[in-house]
Amino acid sequence: MGPVKVIAFDADDTLWHNEHLFRQVQAEFKALLAQYHSPDWIAARLYETEIKNLPHYGYGVKAFALSMIETAVELTEGRITGTDIQHILNAARTMLTADVRLLDGVTDTLETLFPYYLMLVITKGDLLDQHAKLARSGLAPYFAHIEVVSEKNAETYDALLQRHGVAAKDFLMVGNSMRSDILPVLELGAQAVYVPHSLTWEHEEAAAPLPDTPGFHQIARIAELAGLLRISN
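When we follow my numbering, the leftmost residue of the sequence shown carries the number 3, and every step to the right adds one.
Shown next as structure tokens:
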């Protein structure tokens, strides 16, 4: 791995577990509408609605809740009750206040890297929710900045690097989404470390680059990052 000066981390399912909350609430949603359609049909329609709404609502719990309500109205042909809609809203609120569960090795890794690198968080999602989760996580002191963006593509990363005065050759992104954390960063000529998570939203999946692609690295868990960077505590 080439030398870097700035390391940015994705947040959800890179620093802390997150996708499991969406899976749990989606299971409740499918049960709520079970009298109308099959679970697979409900899940497919919800996903279609989420993707359709991305340009309008973006990512995060609030966008997810709005898409669930829209899907429920559509699939029940308007027969969804106020009580059931309240159930959806309550489930979303529970997601917003859920405990933040760090992935194994995150704190030790950040503690090890902190003296050597400027570290950032670059994440998608709702602004208030992402800042609140970072605060609840206890990890905020390790990061110089948190950037909550509407999309992660090459243009977004390029703008962020320019804003922070960072050259692409000095930048490393760490995350669990091939689509959002890895491919657009490699496109800029920076480096990226892919850390797979057992649960990944299908929208974030993409074909991996070839193993010998310049700047591309993969580790099994975040605890291996310091070793990849040849930093020891």
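No residue lacks a Cβ here, since even glycine has one placed at the ideal position from N, Cα and C.
- Of the candidates 20, 188 and 7, the residue whose Cα lies closest to the Cα of residue 131 is 20.
- Counting only runs that start and end inside the stretch 120-164, the beta strand (DSSP E) elements of at least 3 residues fall at 120-126 and 147-151.
- Under the criterion of beta carbons closer than 8 Å, residue 141 and residue 17 qualify as touching, at roughly 6 Å.
- A distance of 8 Å or more separates the beta carbons of residue 145 and residue 188.
- Taking all protein chains shown into account, residue 6 has 16 or more neighbouring C-beta atoms within 10 Å of its C-beta and is therefore buried.
- For residue 9, DSSP records a beta bridge to 121 and 174.
- If you draw a straight line from the Cα of residue 210 to the Cα of residue 139, it comes to about 30 Å.
- Distance from the CA atom of residue 183 to the CA atom of residue 176, rounded to whole angstroms, is 7 Å.
- One alpha carbon belongs to residue 29, the other to residue 89, and they sit about 13 Å apart.
- With a minimum length of 3 residues, the unbroken runs of beta strand (DSSP E) contained wholly in the stretch 184-211 fall at 193-196.
- In the structure shown, residue 104 adopts extended strand secondary structure according to DSSP, grouped into three states.
- By the Cβ neighbour-count rule, residue 12 is buried, with 16 or more other Cβ atoms within 10 Å of its own.
- Residue 185 is positioned such that its CB atom lies no closer than 8 Å to that of residue 170.
- The Cβ neighbour count for residue 193, taken over all protein chains shown within 10 Å, is at least 16; the residue is labelled buried.
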